[in-house]
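What follows is a short report on a single structure.
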Amino acid sequence: MKGIKIGMGDANRIVIVGAGPVGLSLALGLARQGERSVLLEQKKATSKHSKAPGIHVRTREIFRQWGIEERFLDV
1 MKGIKIGMGD ANRIVIVGAG PVGLSLALGL ARQGERSVLL EQKKATSKHS KAPGIHVRTR
61 EIFRQWGIEE RFLDV
């Protein structure tokens, strides 16, 4: 892949493909546990509109535990 260099020291690198709600949540969850990851997205710009029709109750519970539920809902 262009622009990505993976060497011997990166054997445990986690690559997340897609910066949608699931990819972003996964990256945040891993970071909260001290795991480094690389998030790849093919689009060059963000969308002005939501791609998700709603938020599941369990997702809100996790976001509440992480302390980001209110900030997420404000968007």
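To convert, note that position 29 of the sequence shown is 29 in UniProt numbering; the numbers rise steadily by one, no gaps.
C-beta: ideal position from N, C-alpha, C; glycine also.
Every value quoted in this text rests on a predicted model; they were computed, and no experiment measured them.
Suppose the cutoff is 7 Å on Cβ atoms and the five residues either side in sequence are ignored; what does the same chain contact list for Gly18 look like? Here residue 18 refers to the residue found at position 18 of the sequence shown. The residues are Glu41.
Have a look at Arg71 and Leu24 and give me their C-alpha separation to the nearest angstrom. For the purposes of this step, residue 71 is identified with residue 71 of the sequence shown, where counting begins at 1. For the purposes of this step, residue 24 is identified with residue 24 of the sequence shown, where counting begins at 1. Rounded to the nearest angstrom, the two C-alpha atoms are 15 Å apart.
Determine the contact status of Pro37 and Ala45, defining contact as a CB-CB distance below 8 Å. What you label residue 37 is simply residue 37 of the sequence shown in a count that begins at 1. What you label residue 45 is simply residue 45 of the sequence shown in a count that begins at 1. Contrary to the premise, residue 37 reads as Ser rather than Pro in this sequence. No, these two residues do not count as a Cβ contact at 8 Å.
Supposed contact pair Ile68 and Glu35 - C-beta distance, whole angstroms, cut 8 Å: Position 35 of the sequence shown holds residue 35. Position 68 of the sequence shown holds residue 68. For Glu35 against Ile68, the beta-carbon gap comes to about 18 Å, at or over 8 Å, which does not count as contact.
For Met1, is the classification buried or exposed, using 16 other Cβ atoms within 10 angstroms of its Cβ as the cut-off for buried? Translated into the one-based positions of the sequence shown, residue 1 becomes position 1. Only weak support exists for where Met1 lies, its pLDDT of 47 falling under 50; the value from the coordinates is given anyway. In the assembly as shown, Met1 is an exposed residue. Its beta-carbon has fewer than 16 other beta-carbons within 10 Å.
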